[in-house]
Amino acid sequence: MVWPNIVTMDIWLNITTILTVFTLAIISPGPNFILVANTALFRSRREGLYTAFGVATGSALFGLAGMVGLLIIFVRFPYFADLIRLVGGIYLTWLGLQMVRSGLRRQSEVESRSLESLDFIPFAAWRTGLLTNLGNPKAWAFYLSLFTVVMTPGFLLWQKAMVNGSMFLISFAWYGLVAILVSDRNLQSRLRRVQASVQLLFGIMLSGLGVYLFINW
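Note that the working numbering has the sequence shown beginning at 637, numbered continuously upward.
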């Protein structure tokens, strides 16, 4: 691969624009934020970090699909978008209902046991983060517009790879920070009395978002 000595200012400007838009998008509250915050707050910091890693992996896969032009399938095959809308909406709704059920159970003495005693499976946490990101039809549309509108044809392969790697790092840094902050012991102790209500709220928000995406795509 030939690495150019000089990269045009337009390319660097586009790279900066892409990463800025991406950063602003991921810090906006959505399914990924709700999932990571819920996991770190009601499970453990470590599980929240694995979930954040799964979300970041999803961002990398979206970026990879954008690099090779796979996202254009949304334009050429509209029924594929309908399939993503259907599956993604159902999955997010199901995930939210699981949070609601967990919040209801948390009201019992059995569910109020130490968070550290909960079973933790790294792969399961990573998979949930990955599927939540990939299951959001709005994310597909966002990455499609990002790679088809902002990223110009002048991008070389190594520049696209740099953008993709940067998106992965930004995503993991942000959601990892969320996991660390919400799993703070002081915050957990303050929310101990209202844990069930907070988790119910998270569940209702996520399932409601799933229904909204399903209906309004």
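For glycine and all other residues, C-beta sits at the position ideal for the given N, C-alpha and C.
Every value quoted in this text rests on a predicted model; they were computed, and no experiment measured them.
Legend entry - T659 versus S807: straight-line alpha-carbon distance, rounded: 8 Å
Legend entry - Host alpha helix (DSSP H) of I709 (start-end): I709 to R712
Inset, instruction - State the DSSP-derived secondary structure class of I654, mapped to helix, strand or coil. - result: helix
Inset, instruction - Provide the residue span of the alpha helix (DSSP H) that contains L706, from first to last. - result: Where L706 is concerned, there is no enclosing alpha helix (DSSP H), given that its DSSP letter is neither H nor E.
Inset, instruction - My understanding is that G765 touches A673, with C-beta atoms under 8 Å, so please give their C-beta distance in whole angstroms. - result: No, G765 and A673 are not in contact; Cβ-Cβ is about 12 Å, not under 8 Å.
Legend entry - Classification of F678 by the beta-carbon crowding that lies within 10 angstroms, buried from 16 upward: buried
Inset, instruction - Helix, strand or coil for R763, going by three-state DSSP, please let me know. - result: helix
Inset, instruction - Compute the beta-carbon to beta-carbon distance between F783 and S680, rounded to the nearest angstrom, for a pair I have assumed lies under 8 Å. - result: With 8 Å as the limit, F783 and S680 do not qualify as a contact, their Cβ atoms being about 35 Å apart.
Legend entry - Backbone secondary structure at R679 - three-state DSSP: coil
Inset, instruction - Would you tell me roughly how many angstroms separate the C-alpha atoms of V847 and N668, rounded to the nearest one? - result: 16 Å
Inset, instruction - Would you kindly report the start and end of the unbroken alpha helix (DSSP H) that includes I806? - result: L793 to V818
Legend entry - Residue range of the unbroken alpha helix (DSSP H) whose run includes L782: Where L782 is concerned, there is no enclosing alpha helix (DSSP H), given that its DSSP letter is neither H nor E.
Inset, instruction - Give a yes or no on contact between the region 808–828 and the region 705–713, applying the rule of three or more CB pairs nearer than 8 Å. - result: no
Inset, instruction - Go ahead and label P714 buried or exposed: buried means 16 or more other beta carbons lie within 10 angstroms of its beta carbon, across all protein chains shown. - result: exposed
Inset, instruction - Spatial neighbours of L733 within its chain, please: CB distance less than 8 Å, with the 5 preceding and 5 following residues excluded, ordered by chain position. - result: G839 and S843
Inset, instruction - State the DSSP-derived secondary structure class of F689, mapped to helix, strand or coil. - result: helix
Inset, instruction - In the DSSP assignment, find the unbroken alpha helix (DSSP H) run with N822 in it and report its ends. - result: R821 to R826
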